[in-house]
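Just remember that the numbering used here sits 211 ahead of the position in the sequence shown, which is counted from 1. One structure is given here, and the rest of the page talks about it.
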Amino acid sequence: EEQTAKHYETLSKELAGKGEYAKAEEYLKKAQAIYSKRNNKKALASVSRGLAKLQESQNKIVPAIQNYQTAADVSKDKGSYFTNSNDANRLRNVDNPQVQMEYAESNAKFFEQQGKKEETVDAYKQLAETQLQQNNTGDALTSFKKAIQTADNPEEAASISQEMAKVYAEDDQIQKAIA
Numbered sequence: 212e213e214q215t216a217k218h219y220e221t222l223s224k225e226l227a228g229k230g231e232y233a234k235a236e237e238y239l240k241k242a243q244a245i246y247s248k249r250n251n252k253k254a255l256a257s258v259s260r261g262l263a264k265l266q267e268s269q270n271k272i273v274p275a276i277q278n279y280q281t282a283a284d285v286s287k288d289k290g291s292y293f294t295n296s297n298d299a300n301r302l303r304n305v306d307n308p309q310v311q312m313e314y315a316e317s318n319a320k321f322f323e324q325q326g327k328k329e330e331t332v333d334a335y336k337q338l339a340e341t342q343l344q345q346n347n348t349g350d351a352l353t354s355f356k357k358a359i360q361t362a363d364n365p366e367e368a369a370s371i372s373q374e375m376a377k378v379y380a381e382d383d384q385i386q387k388a389i390a
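Laid out in structure tokens, this is it:
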């Protein structure tokens with residue numbers, strides 16, 4: 212049964228990579244149900260975090276908060292509890308970009324110290340988004356640059372570069388947007 216859950220996770224990752232987030236979410240929900248039934252807390256925490264990220268990317272804020280909180284509640288280590296709680300609280304403060312920024316910054320620093328590159332990239336992108344909400348273009352571009360420097364995946368780095376180009380263009384820095 213746990214092997215089936217692992218297959219669901221693999222399928223979900225492939226679908227998310229193709230931009231099919233709703234289907235990816237369904238497969239992670241199936242994996243989550245199996246891990247919950249089997250009381251595999253480590254796998255449940257990991258899948259719940261992944262599910263929360265997918266839901267957040269689709270702007271499904273309430274279920275994302277619930278899944279970040281589930282991931283925190285079943286986490287066996289303090290770091291996982293800390294970062295998942297931060298993400299749940301960041302989303303709970305959707306109307307307060309300053310507070311969101313503090314949570315994203317805290318996670319970025321933590322993940323960087325832990326050497327968790329993919330998580331660090333995500334945290335820097337979240338930080339950049341909250342900085343943009345505050346019309347803080349300079350800091351947002353710096354956060355995007357840190358995300359690119361950390362990214363191992365060339366496609367991810369290219370995607371972040373496209374986000375930066377949009378920010379430059381919106382800020383009338385056309386030459387930098389083209390570069």
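Just so you know, even glycine gets a beta-carbon here, dropped at the ideal spot from N, CA and C. On a predicted model such as this, the values are computed, not experimentally measured, just so you know.
Exposure of glycine 349 is indicated by the presence of fewer than 16 other C-beta atoms within 10 angstroms of its C-beta. Excluding its 5 nearest sequence neighbours in each direction, tyrosine 292 has C-beta neighbours in its own chain below 7 Å: Ala283, Ser286, listed in chain order. Contact annotation: the region 303–310 does not touch the region 322–334, with fewer than three C-beta pairs closer than 8 Å. Cβ atoms of leucine 343 and methionine 375 stay farther apart than 8 Å, at about 11 Å. Put simply, the region 245–257 does not touch the region 226–236. Fewer than three CB pairs are less than 8 Å apart.
Within the region 293–351, the alpha helix (DSSP H) runs of at least 4 residues that lie entirely inside it are, in chain order, 308–325, 328–344. In this structure, serine 317 keeps its C-beta atom at 8 Å or more from the C-beta atom of asparagine 304. Annotation for isoleucine 276: Ala263, Ala299, Leu302, Arg303 place their beta carbon closer than 8 Å to its own, counting only its chain and skipping 5 residues before and after. Check the Cα spacing between glutamate 236 and each of Lys253, Lys271, Phe355, Glu213: the tightest is with Lys271. Alanine 362 sits away from leucine 338, with the two beta carbons spaced by 8 Å or more. Close CB contacts of asparagine 251 within its chain, under the 7 Å cut and outside five residues either way in sequence, are with Glu213 (chain order). Between the C-alpha atoms of tyrosine 232 and glycine 261 there is a straight-line separation of about 11 Å.
For glycine 228, the uninterrupted alpha helix (DSSP H) segment begins and ends at 213–228. Assigned with DSSP and collapsed to three states, asparagine 270 falls in coil, not helix or strand. DSSP places alanine 233 in the uninterrupted alpha helix (DSSP H) bounded by 232–249. The alpha carbon of glutamate 329 has as its nearest neighbour, out of Lys357, Glu313, Gln345, the alpha carbon of Lys357. Short of 7 Å from the beta carbon of threonine 215, and not among the five residues preceding or following it, lie these beta carbons of its own chain, in chain order: Ile245.
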